[in-house]
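Student: Chains as they are written, first to last, in my numbering: chain A, 1 to 98; chain B, 1 to 581.
C-beta: ideal position from N, C-alpha, C; glycine also.
(1) Going by DSSP, what residues sit across from residue 335/B in a beta bridge?
(2) For chain A, is any of its Cβ atoms less than 8 angstroms away from the one on residue 454/B?
(3) Tell whether a beta-carbon distance below 8 angstroms holds between residue 203/B and residue 367/B.
(4) For the beta strand (DSSP E) that residue 238/B lies in, which residues bound it at each end?
(5) In whole angstroms, what separates the C-alpha of residue 9/A from that of residue 73/A?
(6) Between the C-alpha atoms of residue 582/B and residue 362/B, what's the straight-line distance to the nearest angstrom?
(7) For residue 531/B, which of helix, strand or coil comes out of DSSP?
(8) Which same chain residues, not among the five before or five after residue 567/B, have their C-beta less than 7 angstroms away from its C-beta?
(9) Would residue 165/B be called buried (16 or more neighbouring beta carbons within 10 Å of its own) or exposed?
(10) Tell me the rounded alpha-carbon separation between residue 580/B and residue 225/B.
(11) Quick check: what's the CA-CA separation for residue 155/B versus residue 230/B?
(12) Please tell me whether residue 123/B has its Cβ less than 8 angstroms away from any Cβ of chain A.
(13) Closer than 8 angstroms, Cβ to any Cβ of chain A: which residues of the region 339-369 of chain B, in chain order?
(14) Ordered along the chain, which non-local residues of its own chain (more than five positions away) have a Cβ less than 7 angstroms from that of residue 564/B?
(15) Output the distance between the C-alpha atoms of residue 21/A and residue 60/A, rounded to the nearest integer angstrom.
(16) Going by DSSP, which residues form a beta bridge with residue 73/A?
(17) At a Cβ threshold of 8 angstroms, is residue 54/A touching chain B?
(18) Please go through the same chain and pick out, in chain order, the residues whose beta-carbon is closer than 7 angstroms to the beta-carbon of residue 506/B, but skip the five residues on each side of it.
(19) Closer than 8 angstroms, CB to CB, is residue 213/B near chain A or not?
(20) With three or more beta-carbon pairs closer than 8 angstroms as the criterion, would you say the region 209-223 of chain B touches the region 41-51 of chain A?
(21) Quick one: any contact between the region 268-276 of chain B and the region 23-30 of chain B, if contact means 3 or more CB pairs under 8 angstroms?
(22) For residue 13/A, which residues of its own chain have a beta-carbon under 8 angstroms away from its beta-carbon, when the five flanking residues on both sides are left out?
(23) Between the Cα of residue 458/B and the Cα atoms of 100/B, 43/B, 539/B, 382/B, which residue gives the shortest distance?
(24) Whose Cβ in chain B lies nearer than 8 angstroms to the Cβ of residue 36/A?
(25) Confirm, please, whether the CB-CB distance from residue 129/B to residue 472/B is below 8 angstroms.
(26) What are the boundary residues of the alpha helix (DSSP H) that includes residue 563/B?
(27) Measure from the C-beta of residue 18/B to each C-beta in chain A and report whether the shortest distance is under 8 angstroms.
(28) Apart from the five residues just before and just after residue 1/A, which ones in its own chain have a Cβ nearer than 7 angstroms to its Cβ?
(29) For residue 217/B and chain A, any beta-carbon pair shorter than 8 angstroms?
(30) What's the C-alpha gap between residue 413/B and residue 419/B?
(31) Which residues, taken in chain order from the region 87-120 of chain B, show a beta carbon closer than 7 angstroms to some beta carbon of chain A?
(32) Less than 8 angstroms between the C-beta atoms of residue 451/B and residue 183/B, yes or no?
(33) Report yes if the CB atom of residue 431/B is closer than 8 angstroms to the CB atom of residue 415/B, and no otherwise.
(34) Where does residue 232/B fall in DSSP's three states?
(35) Under 7 angstroms Cβ-Cβ, which residues of chain A neighbour residue 48/B?
(36) Return the residue from the list 327/B, 462/B, 570/B, 523/B that minimises the CA-CA distance to residue 536/B.
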């Protein structure tokens, strides 16, 4: 992270995060559609993996493009969210010193 | 690609679903993302994660999606598709008469009180409005309800594990419980916003292709309507004719009433008003999503924005159920009054509709995506129940009534023990859930016992300052007891004084609970001493200054960023949907 005044959320921007997972799914399904068993008897003659894969790739690209076009600006000092008692995950570790 | 992972030696039966390496890869990928972000959040890897998790100034689409995603669990996916398979289109009432109006009401009317009074749980609101009695009753019944509902989620999670590996249900249940515990302790839940939004897209990415492929296979909408069969129960009685399944109104198959007028009244009052308003407006697992936002205006808009995607969810959950009832041989047989073998309990039930459809139409790859989506939804759902139980148990019950003034560490330990105990108890409540052939019947029954009286007490307490603390707890107790009584009387296996098929019994029980609660509360209030008006500010409508309830900045924003115009638009869209189907 640089010390420019405007810091963007980068890889942890929720849109990039969605884009990455859906994109990976898209790649796997597209490859399955091209090289895997198409199982056309199950799907009624449609190459379901291929089409879903391609659609996921488009959606993933859309999310990433959106995040790039209008990046989320993270303020300089972000308070750590307080531990939420309704979610009993292990407690937050203290923030590392800079 | 025909590499199948052979089920472990334990397998008692052939696995229902034939998953291969790619499918497991899809599931593993999802878990890597969710667990990864949970761990990253706890290690404070990046400011951006904190920024998104704090929920402050998040875009409305994120909080809106998180809001509906927190609810897009077992109930929605398995319950609604089971209902779709059994009774067809009238199931949409859960969305268009039930959820949407309630969500809009929550945003427009209730949210300002929640946001303004800063309570964190339903029992806390009860404590501030009515004091100890109502608080204790509510905390106990809430904790109990969470354990029972966690059982539903665990049961469904177990059925997936079973379908994948072919293990006996009790082994699958224990394995599923271990999965949920590790999800909670590894921190998956601490990255809630990421999880919920991610989960939403994975589920849509899984269910939309399933619906489209299924629809294509039955010959489109017309093909589905042509091939639809009447539902016949095991005794050979027709419970839903084709005509009843093909149109949402009057929904006699859903309500179980013979008369159309009674059916419409039952659905609008029982399901729409009492059950759904009760569920959505007092469900703090949902409300918390909105409370995290940065202004009262954003908090009010969260459920309203959530309402827009919510109205289209029926198309990807109910429709697959209806398709399964036509395409899947076991479902056809079941719907025809037969008892086909297979499924979770050794005998196919309506709850299995979606899993069986997945088995029949999805190729490997997409199958993995669908499994990931379902696992994600049920796991998150059960974890949320356990968390809610944990909070109420440790803070509202243990700390307030049993051991006061101990250290934070002490309550944290109690919380951990409660988490483990709740998970173990859920294994047993899961077997109760497994006895119901349609999980919605069970859930609506539970909501009738717990949510309907709660809603009555809430709404009366919010708008009638005369309502007294004694009335608070007596209303709740008598409401719940009356619902249990109606259920016992109407259950053919217990007393069986009258009979209502479908979810009609749950609607009647809930409506009774609501009415009894209101009547008892009013009568008791008139005989007892109310709280002084000064203690009711922010809790009762007439005692709260109007400025506290609205956001002054909102008037200057364009219409599509204002609460009420958005709510009106959503209402009009839902009305149109009601007329089309």
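Tutor: So, from the data block:
(1) Answer is none; residue 335/B lacks a bridge partner.
(2) no
(3) Going by C-beta atoms, residue 203/B is not nearer than 8 angstroms to residue 367/B.
(4) 238-240
(5) Pairing residue 9/A with residue 73/A, the inter-Cα distance amounts to about 6 angstroms.
(6) Outside the displayed span of chain B (1 to 581) sits residue 582/B, for which this structure offers no information.
(7) coil
(8) 104, 107, 108, 304
(9) buried
(10) 15 angstroms
(11) 28 angstroms
(12) no
(13) 360, 361, 362, 363, 364, 365, 366, 369
(14) 108
(15) 8 angstroms
(16) 8/A
(17) no
(18) Cβ within range, chain order: 441, 444, 445, 448.
(19) yes
(20) yes
(21) no
(22) Excluding residues within five positions, the ones whose Cβ falls inside 8 angstroms are 67, 71, 72.
(23) 539/B
(24) Going along chain B in sequence order, the residues near residue 36/A (Cβ under 8 angstroms) are 1, 22, 363, 364, 365.
(25) yes
(26) 563-580
(27) no
(28) Because residue 1/A carries a pLDDT of 44, less than 50, the predicted location of this residue cannot be relied on, and the following value inherits that uncertainty. Taken in chain order, the residues that qualify are 7.
(29) For residue 217/B, the answer is yes, since a Cβ of chain A falls inside 8 angstroms of its Cβ.
(30) The alpha-carbon atoms of residue 413/B and residue 419/B are separated by roughly 10 angstroms.
(31) none
(32) No, they are not a contact pair.
(33) no
(34) strand
(35) Going along chain A in sequence order, the residues near residue 48/B (Cβ under 7 angstroms) are 9, 10, 12, 13, 74.
(36) 462/B
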